[in-house]
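Protein chains in written order, with the UniProt record's numbering: chain A, 1 to 152; chain B, 1 to 439.
Contents: one structure, followed by commentary.
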């Protein structure tokens, strides 16, 4: 078997809508698992931030969903999928500062409109598939190949 | 003194309970055959195990007063928290005179370095627009090196006040007296093992400017005896008490001095970890400075101190009330920049090779599924996850878990009962009945 064909799901968990009390647990767990795999610290930093934003997005904006992380020898893929409502204007959603977060979420310090921008900033490749009324699947890919440092 | 760590164990006192195991922030301790064992590569010398051991089996290595004789110019460095060990009638000048009486050639206040560092830090944050984590607590720095290497870039690129003052004192004595390096002995009076360890293992530097460290509880008795003989209103000519720097001794003191900067103060190693987890989730851009100390409620809570941490904090608060200004000093006389950046000390990975680590991770997750998840620590590891990791690394076995062991014994007993009733085919059935009668 070729090295690159090895693929391992290291995280697969449900994320409930509106449950801020556990927000961040999945990304913390993923972070410690990546340490166990010996992933470089600065790569972990990028993945942890992107994953946390994905996790919080599910909590704030969706009817619930799941978070999954896959490791191959060349990259980490974090996939967030939810049960809706879908993103109506994807272009707008990527604009810094744009947010559809509720007043409640904003009062808690969330919904600054940086979520998708941050995920894009910290991942090497970002794929979004969304359908209003159905749901969204966001895939953030972070390379493990040593090619230049992060854009921080 | 041990060259690697200053937290050590007295085997005859250890009862094999798991208090320290459960309190260790880095999961560095296991109990094996009735004895706690510290895994050196995981230990950050924070002293949590000393604090949590009811049997006083853990202790901190220390130099002592007899070591003063080895130097022509023994110098004492007094940390801010030391002043919390005395009530109001014993002022810092009195403490200094008593230290001189013990045999120190000069006494230097670490608080002066703290005041200087505060000013430089403030400027640095303004000029660089960066969020910093204080690098003054060696326990916190080692924690980040070990468990949060992704956050190393946040650590302030400055020496700790202790090192800053140690260097300054050494240079001063060399210049003023023409003393040679080996004639000068810089003794730090340390409130904690974390700082003790920096004498031999400095952080971000090749070599420490300290020569020795004496634990507060080792020097306290000698000092108190001498303080009692001193005049009540003694003063030292030309000595400005660095009240502001002394406020570093209690939680928030360091951050409060950074006027105009948004700060968060965290005391206690487990609290520090909870905030580092938050930082891991993204930039907390609205916070510019994190004061983080391993002990609660600040350095007054160091395990070598003799006074209750909260009463010591009260003493510090009373003392610093008298402060009006920072002590005027020439900041150019200090060399605050670290030579090296803080290095990752990662030991968390299961294997250096990613493919092997991935296979081990699968095994680890399976092992965790098997264990009961009660985190009782009866196996000698702090929790089931850690036991699982020890098992897959060949350092423990599944039957170290008493619940699994019991289950296996029960299974075995069932099997034996079944076997006992399975008669050899040559025997007659009625023999079994007569056996039963005998019971």
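C-beta atoms are modelled at their ideal positions from N, C-alpha and C, and glycine is treated no differently.
Checklist entry - Hey, does residue 344(B) have any beta-carbon neighbour from chain A nearer than 8 Å? => result By one-based count along the second chain, residue 344(B) stands at place 344. The beta carbon of residue 344(B) falls within 8 Å of a beta carbon belonging to chain A, placing the residue at that interface.
Item to check | Beta-carbon proximity check, residue 184(B) vs residue 170(B), cutoff 8 Å | outcome: Along the second chain, read from residue 1 onward, the residue named residue 184(B) stands at position 184. Along the second chain, read from residue 1 onward, the residue named residue 170(B) stands at position 170. Less than 8 Å separates the beta-carbon of residue 184(B) from that of residue 170(B).
Next on the checklist: Quick check on residue 134(A) - is its C-beta less than 8 Å from some C-beta in chain B?
Outcome noted: Position 134 of the first chain, counted from the start, is the residue given in the question as residue 134(A). Residue 134(A) is outside the set of residues whose beta carbon lies under 8 Å from a beta carbon in chain B.
Next on the checklist: Please list, in chain order, the chain A residues whose beta carbon lies closer than 7 Å to that of residue 156(B).
Outcome noted: For the purposes of this step, residue 156(B) is identified with residue 156 of the second chain, where counting begins at 1. Within chain A, no residue has its CB atom less than 7 Å from the CB of residue 156(B), the nearest being about 18 Å off.
Checklist entry - Around the Cβ of residue 96(A), are there at least 16 other Cβ atoms within 10 angstroms (buried) or fewer (exposed)? => result Taking the first residue of the first chain as position 1, residue 96(A) is located at position 96. With fewer than 16 Cβ atoms within 10 Å of its Cβ, residue 96(A) is classed as exposed.
Checklist entry - From residue 9(A) to residue 66(A), what does the alpha carbon distance come to, in whole angstroms? => result For the purposes of this step, residue 9(A) is identified with residue 9 of the first chain, where counting begins at 1. For the purposes of this step, residue 66(A) is identified with residue 66 of the first chain, where counting begins at 1. Distance between residue 9(A) and residue 66(A), taken at the CA atoms: about 13 Å.
Next on the checklist: Suppose you measure from the CA of residue 128(B) to the CA of residue 122(B); what does that come to, to the nearest Å?
Outcome noted: On the second chain, position 128 is the one that residue 128(B) refers to. On the second chain, position 122 is the one that residue 122(B) refers to. Their Cα atoms are separated by approximately 10 Å.
Next on the checklist: Can you list, in chain order, the residues of its chain with a C-beta nearer than 8 Å to that of residue 140(B)? Leave out the 5 residues immediately preceding and following it.
Outcome noted: Here residue 140(B) corresponds to residue number 140 of the second chain, with the count starting at 1. The residues are 133, 134, 269, 272, 292, 293, 294.
Item to check | Members of the segment 348-368 of chain B near chain A, C-beta cut-off 9 Å | outcome: For the segment 348-368 of chain B, residues whose beta-carbon sits nearer than 9 Å to a beta-carbon of chain A comprise 348, 349, 350, 351, 352, 353, 354, 355, 357, 358, 359, 360, 361, 362, 364, 365.
Next on the checklist: Checking the sheet assignment: what are the DSSP bridge partners for residue 158(B)?
Outcome noted: Counting from one through the second chain, the residue named residue 158(B) turns up at place 158. Under DSSP, residue 158(B) shares a beta bridge with 337(B).
Item to check | Residues near residue 152(A) in its chain [Cβ-Cβ closer than 6 Å; skip 5 each side] | outcome: Here residue 152(A) refers to the residue found at position 152 of the first chain. Note that residue 152(A) scores a pLDDT of 40, beneath 50, so its modelled location is shaky; the value from the coordinates is reported in the next line. Its chain contains no residue whose beta carbon lies nearer than 6 Å to that of residue 152(A) once the 5 sequence neighbours on both sides are disregarded.
Checklist entry - What number of angstroms, rounded off, separates the C-alpha of residue 47(A) from the C-alpha of residue 117(B)? => result Along the first chain, one-based indexing puts residue 47(A) at 47. Along the second chain, one-based indexing puts residue 117(B) at 117. Each residue's alpha carbon lies about 34 Å from the other.
Next on the checklist: Just to confirm the assignment, what range does the beta strand (DSSP E) spanning residue 60(B) have?
Outcome noted: As a position in the second chain, residue 60(B) is number 60, starting the count at 1. Counting along the chain, the unbroken beta strand (DSSP E) around residue 60(B) starts and ends at 58-60.
Item to check | Neighbouring residues, chain A, relative to residue 281(B) (Cβ below 7 Å) | outcome: In the second chain, residue 281(B) corresponds to position 281, counting from 1. Against residue 281(B), the close residues of chain A are 24, 27, 48, 49, 52, in the order they occur along the chain (beta-carbon pairs closer than 7 Å).
Checklist entry - Buried or exposed: which applies to residue 310(B), given that a residue is buried once 16 or more other Cβ atoms fall within 10 Å of its Cβ? => result Residue numbering aside, residue 310(B) sits at position 310 when the second chain is read from its first letter. Exposed, by the Cβ-count rule.
Checklist entry - Is the CB-CB distance between residue 15(A) and residue 60(A) below 8 Å? => result Counting from 1 along the first chain, the entry for residue 15(A) is found at position 15. Counting from 1 along the first chain, the entry for residue 60(A) is found at position 60. Not closer than 8 Å, so no.
Checklist entry - For residue 44(A), which residues in chain B fall below 9 Å Cβ to Cβ? => result For the purposes of this step, residue 44(A) is taken as residue 44 along the first chain, with counting starting at 1. Per Cβ cutoff of 9 Å: 149, 150, 280.
Checklist entry - From the beta carbon of residue 41(B), is the nearest beta carbon of chain A less than 8 Å away? => result Here residue 41(B) refers to the residue found at position 41 when the second chain is read from its first residue. So, not an interface residue.
Checklist entry - On the three-state DSSP scale, how would you describe residue 138(B)? => result As a working note, residue 138(B) is residue 138 in the second chain. Under the three-state reduction of DSSP output, residue 138(B) falls in the helix class.
Checklist entry - Just checking my contact of residue 35(A) with residue 274(B) at CB under 8 Å: how many whole Å lie between their CB atoms? => result Stepping through the first chain from its first residue, residue 35(A) is reached at position 35. Stepping through the second chain from its first residue, residue 274(B) is reached at position 274. Actually they do not touch by this definition, with Cβ atoms about 17 Å apart.
Checklist entry - For chain B, is any of its Cβ atoms less than 8 Å away from the one on residue 175(A)? => result Because residue 175(A) is not part of the residues shown, which for chain A are 1 to 152, the question remains open.
Checklist entry - What are the residues that DSSP puts in a beta bridge with residue 32(B)? => result Locating residue 32(B) in the second chain gives position 32, counting from the first residue. For residue 32(B), which the question treats as bridged, DSSP gives the partners 35(B).
Next on the checklist: Less than 8 Å between the C-beta atoms of residue 54(A) and residue 354(B), yes or no?
Outcome noted: Taking the first residue of the first chain as position 1, residue 54(A) is located at position 54. Taking the first residue of the second chain as position 1, residue 354(B) is located at position 354. The Cβ atoms of residue 54(A) and residue 354(B) lie no closer than 8 Å to each other.
Checklist entry - Once you ignore the five residues that flank residue 94(B) on each side, which residues in its own chain have a CB closer than 7 Å to its CB? => result Start at 1 with the first residue of the second chain, and residue 94(B) comes out as number 94. Here the set comprises 227, 230, 234.
Next on the checklist: Can you pull out the residues from the segment 94-123 of chain A whose beta carbon lies closer than 8 Å to at least one beta carbon of chain B?
Outcome noted: Of all residues in the segment 94-123 of chain A, the ones placed with a Cβ closer than 8 Å to any Cβ belonging to chain B are 118, in chain order.
Checklist entry - Can you give the Cα-Cα distance for residue 239(B) and residue 174(B), rounded to whole angstroms? => result Sequence index remark: in the second chain, residue 239(B) carries index 239 (1-based). Sequence index remark: in the second chain, residue 174(B) carries index 174 (1-based). Those two C-alpha atoms are separated by around 21 Å.
Checklist entry - Should residue 83(B) go down as buried or exposed, given a rule of 16 or more other Cβ atoms within 10 Å for buried? => result Start at 1 with the first residue of the second chain, and residue 83(B) comes out as number 83. Counting of Cβ neighbours within 10 angstroms places residue 83(B) among the buried residues, the total reaching 16 or more.
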